[in-house]
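Heads up: the sequence shown is residues 149 to 375, going by our numbering.
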Amino acid sequence: MTQTILIVGASRGLGLGLVAEHLKRGFAVIATVRKAGDEPALKALPGSDRLTIHHLDVTSDADIARLAAALPDPIDVVFINAGISGPKSVVTATADDLNAAMQANVFGPIRLAHALADRVREQTGVLALMSSIMGSIAENTSGGMEVYRATKTAQNSFARSLWLGSPRARGVTVLSVHPGWVKTDMGGAGADIDVDTSVSGIADQLKAHAGSHAHRFIDYSGREIAW
């Protein structure tokens, strides 16, 4: 039976790479892009006959409700890939800058996760959010990027609270995933790994953790990251 995955934030970078990887693995893929005109790279992928595209801004409650109403039930995997780097300093940032980072990195993705949690397949389904090792308090030994770090820490905390509710009761696994330091627009050309390495590893972890009935903070290789 063909499995279905929803990948949020799929117009470029890691999101686009995740779509390509799962099409290659035979999934039916539902992908979201933020606005009209962001679809060409997706439509050009091999296997795009198994691809459905929706428009979604994760900070819009109306968009979330519209997407939830349009999705099939159940979905085997939901992967929420959304976020911005935000301001570099909490001291110099404006209130609007800080609010935009929290809405894009925390509240939008988590509210979407809540809206979709009961649509994920019981017992074997996976609900994953793109986190970052920068959200780890225990592994923060360098400082810097304090606003981005705080948003990912907050997202991890909300993900745990989410899992303790309906997903845990239904046997759904929740994953907070660090993709590695990847050569994307956000990661830069000097990053450690390319998109293909990251998304292949993430896809392996989504498969490996299906049915584990836990909330885990891991990287693309499966390494457990300290909270």
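No residue lacks a Cβ here, since even glycine has one placed at the ideal position from N, Cα and C.
Beta strand (DSSP E) runs contained entirely in the segment 266-330, provided each spans 3 or more residues: List check, beta strand (DSSP E) in window: 274-278, 321-326.
- request: Work out the CA separation of N304 and N288 for me, nearest whole Å.
  value: Here residue 288 corresponds to residue number 140 of the sequence shown, with the count starting at 1. Here residue 304 corresponds to residue number 156 of the sequence shown, with the count starting at 1. The C-alpha of N288 lies about 15 Å from the C-alpha of N304.
- prompt: If you draw a straight line from the alpha carbon of N253 to that of R267, how long is it in whole angstroms?
  reply: Position 105 of the sequence shown, counting from 1, holds the residue named residue 253. Position 119 of the sequence shown, counting from 1, holds the residue named residue 267. Computed Cα separation, rounded: 22 Å.
message: What does the Cβ neighbour count give for N229, buried or exposed, with the cut at 16 atoms within 10 Å?
response: Residue mapping note: residue 229 aligns to position 81 of the sequence shown, counting from 1. Buried.
- request: Excluding the 5 residues preceding and the 5 following E294 in the sequence, name in chain order all residues of the same chain whose CB lies nearer than 6 Å to its CB.
  value: Numbered from 1 along the sequence shown, position 146 holds the residue referred to as residue 294. Counting only Cβ-Cβ distances below 6 Å, and skipping sequence neighbours, we find V238.
field: Simplified DSSP state of V226, which is helix, strand or coil
entry: Taking the sequence shown and counting its residues from 1, one reaches residue 226 at position 78. Looking at V226 - three-state DSSP - the assignment turns out to be strand.
task: Could you work out which residue in T301, S360, G338, I201 is closest to L277 when comparing CA atoms only?
output: The sequence position of residue 277 within the sequence shown is 129, counting from 1. The closest CA to that of L277, considering only T301, S360, G338, I201, is found on T301.
- request: For the segment 251-265 and the segment 309-325, state whether three or more C-beta atom pairs, one from each stretch, are separated by less than 8 Å.
  value: yes
- prompt: According to the neighbour-count rule (16 or more other Cβ atoms, all chains shown, within 10 Å of its Cβ), is D221 buried or exposed?
  reply: Locating residue 221 in the sequence shown gives position 73, where the first residue counts as 1. Under this definition D221 is an exposed residue.
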